[in-house]
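Chemist: Residue numbers (this note's numbering): 43 to 220.
Think of the CB as a built atom: it goes at the ideal place given N, C-alpha and C, for glycine as much as any other residue.
#1: Is the Cβ-Cβ distance between residue 140 and residue 133 less than 9 Å?
#2: Compare the beta carbon distance of residue 85 and residue 44 with 9 Å and say whether it is the shorter of the two.
#3: Once DSSP output is grouped into helix, strand and coil, what is the label at residue 52?
#4: Candidates 82, 107, 88: which alpha carbon is nearest residue 169's?
#5: In the DSSP assignment, what residue or residues form a beta bridge with residue 45?
#6: Between residue 149 and residue 104, which are expected to be in contact by the criterion C-beta below 8 Å, what is the C-beta distance as a whole number of angstroms?
#7: Is there contact here, the segment 143-161 with the segment 72-84, by at least three beta-carbon pairs under 8 Å?
#8: Would you mind reading off the limits of the beta strand (DSSP E) that contains residue 145?
#9: What span of residues does the beta strand (DSSP E) with residue 224 cover, start to end?
#10: Looking at the structure shown, is residue 85 part of a helix, part of a strand, or coil, going by DSSP?
#11: Assuming residue 119 and residue 146 are in contact, meaning their beta carbons sit under 8 Å apart, how far apart are those beta carbons, in whole angstroms?
#12: In three-state DSSP terms, what is residue 135?
Here it is, written out as structure tokens:
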């Protein structure tokens, strides 16, 4: 499975519908301060079922919705869709037969989130397990943020173990047990 595209609308600084094409070989996102790099990573973690507002740099989950600026009014909805190439049919379970998988999350101010996989409403946990089975997800070791390497070095053994389990591809087992 490969991430191929990320569509954002009303999510943090991405007010208007925006699409990022994730081409083979992409290993980093670079740009000047304030251009939205961190918001892209927040969007990916968020659509994968992140539950902690602090993990997407907010105090509550509604903080991901564009809050307005001098020239633009606040939005009431944010939506992120992640497009996944599954042409090798490596997705687990019910999604193995699909060539393309779309995972989306939509939040309305003060109304909570709705999750969908291929247009079908699913639970947050279903999204989390889907990504955990693919050794991916909101807490995946594939996403390395600024300062995380230093943090890993200073982690306690149990926290390091969780990171190594994710990297080894057994994170889905832990998700299913808890």
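Modeler: Reading it off the structure:
#1: Here the question's residue 140 lines up with position 98 in the chain shown. Here the question's residue 133 lines up with position 91 in the chain shown. Yes, Cβ-Cβ distance for residue 140 and residue 133 is below 9 Å.
#2: By one-based count along the chain shown, residue 85 stands at place 43. By one-based count along the chain shown, residue 44 stands at place 2. It is not a contact, given that the beta carbons lie outside the stated cut-off.
#3: Along the chain shown, one-based indexing puts residue 52 at 10. Residue 52 sits in coil when the DSSP states are folded into three classes, being neither helix nor strand.
#4: Position 127 of the chain shown, counting from 1, holds the residue named residue 169. Comparing Cα-Cα distances from residue 169 to each of 82, 107, 88, the minimum goes to 88.
#5: In the chain shown, residue 45 corresponds to position 3, counting from 1. In the DSSP output, where bridge partners are listed per residue, residue 45 has 126.
#6: Taking the first residue of the chain shown as position 1, residue 149 is located at position 107. Taking the first residue of the chain shown as position 1, residue 104 is located at position 62. With 8 Å as the limit, residue 149 and residue 104 qualify as a contact, their Cβ atoms being about 7 Å apart.
#7: Verdict: no, contact absent.
#8: The residue given as residue 145 occupies position 103 in the chain shown. Its beta strand (DSSP E) spans residues 142-150.
#9: What the structure shows of the chain is the stretch from 43 to 220, and residue 224 is not part of that stretch, so it cannot be assessed.
#10: Here residue 85 refers to the residue found at position 43 when the chain shown is read from its first residue. Of the three classes helix, strand and coil, the one that applies to residue 85 here is helix, per DSSP.
#11: Taking the first residue of the chain shown as 1, we reach residue 119 at position 77. Taking the first residue of the chain shown as 1, we reach residue 146 at position 104. No, residue 119 and residue 146 are not in contact; Cβ-Cβ is about 12 Å, not under 8 Å.
#12: Locating residue 135 in the chain shown gives position 93, counting from the first residue. In the structure shown, residue 135 adopts helical secondary structure according to DSSP, grouped into three states.
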